[in-house]
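Residue numbers (our numbering): 1 to 109.
By construction, the Cβ of each residue, glycine as well, lies at the ideal position given by its N, Cα and C atoms.
Every value quoted in this text rests on a predicted model; they were computed, and no experiment measured them.
Data first, discussion second: the structure below is written as structure tokens.
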């Protein structure tokens, strides 16, 4: 199941690219073990939510290919969960890397 979504799901590829970029930043900045835990939590939550979103969308499409208000609610709610975890991940990234990136930028100016 975890290998299926990256191929057909564009959003999962975007999340995977962001996760790789965040890990490269973490390695480059030499973040602490505690910071790695926060980063791993954020990545895991986003990927898990995206996997659940894919499962919900697939199940809804299988059971109800024609549009239905309840199908829309199910899909929108699952997508909302992904959005919430992505917001959390952005906040974690801003806390972990914001100051470091700003300091790096200032060193070039």
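Pairs of beta-carbons, one from the stretch 13-31 and one from the stretch 96-107, closer than 8 Å: are there three or more? yes
How would you label residue 20, buried or exposed, when you count the other beta carbons within 10 angstroms and need 16 or more for buried? Stepping through the chain shown from its first residue, residue 20 is reached at position 20. Flag for residue 20 reads exposed.
Would you mind sorting residue 83 into buried or exposed? The rule is 16 or more other CB atoms within 10 Å of its CB. Locating residue 83 in the chain shown gives position 83, where the first residue counts as 1. Looking at its Cβ environment, which holds fewer than 16 other Cβ atoms inside 10 Å, residue 83 is exposed.
Secondary structure of residue 39, DSSP reduced to three states: Taking the chain shown and counting its residues from 1, one reaches residue 39 at position 39. Correct three-state label for residue 39: helix.
Nearest residue (CA-CA) to residue 18, options 35, 33, 40 and 34: Indexing the chain shown from 1 puts residue 18 at position 18. Among 35, 33, 40 and 34, the Cα nearest to that of residue 18 is on 40.
With residue 103 as the anchor, note down where its alpha helix (DSSP H) starts and where it stops. Along the chain shown, read from residue 1 onward, the residue named residue 103 stands at position 103. Element bounds for residue 103: 69-108.
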